[in-house]
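Student: In my numbering, the protein residues as written are 6 to 248. All C-beta atoms in this analysis are idealised placements derived from N, C-alpha and C, irrespective of residue type, glycine included.
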Ligand code: PXP
């Protein structure tokens, strides 16, 4: 059965917009767990645009379900990950100018560089997942690196127009998923999944973690907005009763 990895990066995005202390992703992680999250996922980017080192340190202490640290296969972040020692690391490609992770990790084209990072993490007992496109060559390269899991990029499926184009992207995910499982890899999916498009992906045989972030944070803002305004209004009314 598929499980839910809640990516809380964008809670930190809102905090960083003001460089303040709220909303705290550590608090959000606890609420996500209460809501049924099986995994808490954070991406510590090189530019620290949302999640900060402090968040990962605290989450390592407080998260009761699995903590999944997304990161680039770079030496300085690897050193940080080795010190924090999360149960799982997902290696992702990273470019400073991108709005979000675009495309999967090119394991085929960066085999040596990725291998150095994978070997260091796995030697320390950290489970490694590689975020890759649903491409058999990338799956084969991942298998060669002896990682535990791959996370297949669902962005093309999420962006495809409804109908035959989306069905074709779903078919690619299904086929790549089957190939990954036949290769002995645990199967995760993520990126661009929403309340509208998640069900067919969750139904793919062998689907494990689904890592979902933006749509959950977006929905949380909407379902919580009225209550938040109403609480503020009550405070103001208490201080200045109607005359
Ligand atoms: N999985 C990976 C590897 C990602 O990089 C991201 C985005 O940070 C996600 C899942 C979550 O994507 P989204 O925010 O679109 O749900």
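1. Does the distance from the C-beta atom of residue 163 to that of residue 197 stay below 8 Å?
2. Which of helix, strand or coil does DSSP assign to residue 134?
3. Quick check: is any heavy atom of the ligand PXP less than 7 Å from the C-beta of residue 104?
4. Starting from residue 69, trace the alpha helix (DSSP H) in both directions and tell me its first and last residue.
5. Using only the heavy atoms of the ligand PXP, determine whether one of them is closer than 7 Å to the beta carbon of residue 220.
6. Check whether the Cβ of residue 67 sits closer than 7 Å to any heavy atom of the ligand PXP, and report yes or no.
7. Can you give me the start and stop residues for the beta strand (DSSP E) that residue 217 sits inside?
8. Entirely within the segment 128-175 and at least 3 residues each: give me those beta strand (DSSP E) ranges in chain order.
9. On the premise that residue 182 lies in contact with residue 217, defined as a C-beta separation below 8 Å, what is that separation, rounded to the nearest angstrom?
10. When you compare the segment 36-50 with the segment 8-15, are there three or more beta-carbon pairs, one atom per stretch, that lie closer than 8 Å?
11. In this structure, how does DSSP classify residue 45 when only helix, strand and coil are distinguished?
12. When burial is assigned at 16 or more other CB atoms within 10 Å of the CB, is residue 242 buried or exposed?
13. If we ignore side chains and look at the alpha-carbon of each, how far apart do residue 168 and residue 130 end up?
14. The ligand PXP and residue 217: does the residue's C-beta get closer than 7 Å to at least one heavy atom of that ligand?
Tutor: Taking the geometry as given:
1. Stepping through the chain shown from its first residue, residue 163 is reached at position 158. Stepping through the chain shown from its first residue, residue 197 is reached at position 192. Yes, the Cβ-Cβ distance between residue 163 and residue 197 is below 8 Å.
2. Against the chain shown, residue 134 aligns to sequence position 129. DSSP places residue 134 in strand when its eight states are reduced to three.
3. Mapped onto the chain shown, residue 104 falls at position 99. Taking the Cβ of residue 104 as the reference point, every heavy atom of the ligand PXP lies at 7 Å or farther away.
4. Here residue 69 refers to the residue found at position 64 when the chain shown is read from its first residue. Residue 69 -> no alpha helix (DSSP H), and no H or E assigned at all.
5. Within the chain shown, residue 220 is the residue found at index 215, counting from 1. Indeed, a heavy atom of the ligand PXP lies less than 7 Å from the Cβ.
6. Locating residue 67 in the chain shown gives position 62, where the first residue counts as 1. Checking the 7 Å criterion, the Cβ of residue 67 is out of range of every heavy atom belonging to the ligand PXP.
7. Counting from one through the chain shown, the residue named residue 217 turns up at place 212. It spans 212-217 - the beta strand (DSSP E) in which residue 217 sits, taken as one unbroken run.
8. Runs found: 132-137 and 154-158.
9. Counting from 1 along the chain shown, the entry for residue 217 is found at position 212. Counting from 1 along the chain shown, the entry for residue 182 is found at position 177. With 8 Å as the limit, residue 217 and residue 182 do not qualify as a contact, their Cβ atoms being about 17 Å apart.
10. Judged by Cβ distances under 8 Å, the segment 36-50 makes contact with the segment 8-15, as three or more pairs qualify.
11. Along the chain shown, read from residue 1 onward, the residue named residue 45 stands at position 40. Correct three-state label for residue 45: strand.
12. In the chain shown, the residue the question calls residue 242 occupies position 237. Looking at its Cβ environment, which holds fewer than 16 other Cβ atoms inside 10 Å, residue 242 is exposed.
13. Within the chain shown, the letter at position 163 stands for residue 168. Within the chain shown, the letter at position 125 stands for residue 130. Straight-line spacing of the CA atoms in residue 168 and residue 130 works out to 43 Å.
14. Position 212 of the chain shown, counted from the first residue, corresponds to residue 217. Distance from the C-beta of residue 217 to the nearest heavy atom of the ligand PXP is below 7 Å.
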